[in-house]
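Peer 1: Let me begin by handing over the structure; questions about it come next.
Residue numbers (UniProt numbering): 1 to 129.
Following this line, the structure appears as structure tokens:
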């Protein structure tokens, strides 16, 4: 059986720095940047032991021959202890609202959706006690 050392999700972006800045403003520290100077091809942040990478769609196309499309074809789910507070912070950081914070029909969860500055869907989820 294979043993995994880490998990990372990559999001294709037109503007890597703008997308990474949004997630840094939510409190996720930057863990990697390439190249170290100039326009980044890849920036990675970390939360709860999972890395989220922001990859240049242009570089994916030009260097790797991978057809990439930034935007809504992905979703990042952030489990947190305050959906309302994180939703306000995300909007202040440049996110665009899709749904306001609301409780699930069974009352177990509180959640909201928004788009990051590159158009990736971000779902905020909180378990209700």
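In this text, a Cβ means the ideal position worked out from N, Cα and C, and glycines have one as well.
Determine the DSSP secondary structure at residue 19, reduced to helix, strand or coil.
Peer 2: Helix.
Peer 1: Tell whether a beta-carbon distance below 9 angstroms holds between residue 11 and residue 52.
Peer 2: Their beta carbons are under 9 angstroms apart, which means residue 11 touches residue 52 by this criterion.
Peer 1: Measure the beta-carbon distance from residue 110 to residue 101 and round it to whole angstroms, keeping in mind my assumption that it falls under 8 angstroms.
Peer 2: With 8 angstroms as the limit, residue 110 and residue 101 qualify as a contact, their Cβ atoms being about 6 angstroms apart.
Peer 1: Tell me which residue opens and which closes the beta strand (DSSP E) that residue 47 is part of.
Peer 2: Segment 42-47, the beta strand (DSSP E) holding residue 47.
Peer 1: Measure from the alpha carbon of residue 34 to the alpha carbon of each residue in 22, 17 and 24, then state which is nearest.
Peer 2: Comparing Cα-Cα distances from residue 34 to each of 22, 17 and 24, the minimum goes to 17.
Peer 1: What is the rounded straight-line gap between the Cα of residue 59 and the Cα of residue 41?
Peer 2: The alpha-carbon atoms of residue 59 and residue 41 are separated by roughly 7 angstroms.
Peer 1: So residue 112 packs on residue 87, CB below 8 angstroms; how close in whole Å?
Peer 2: So it is a contact: roughly 5 angstroms between Cβ atoms.
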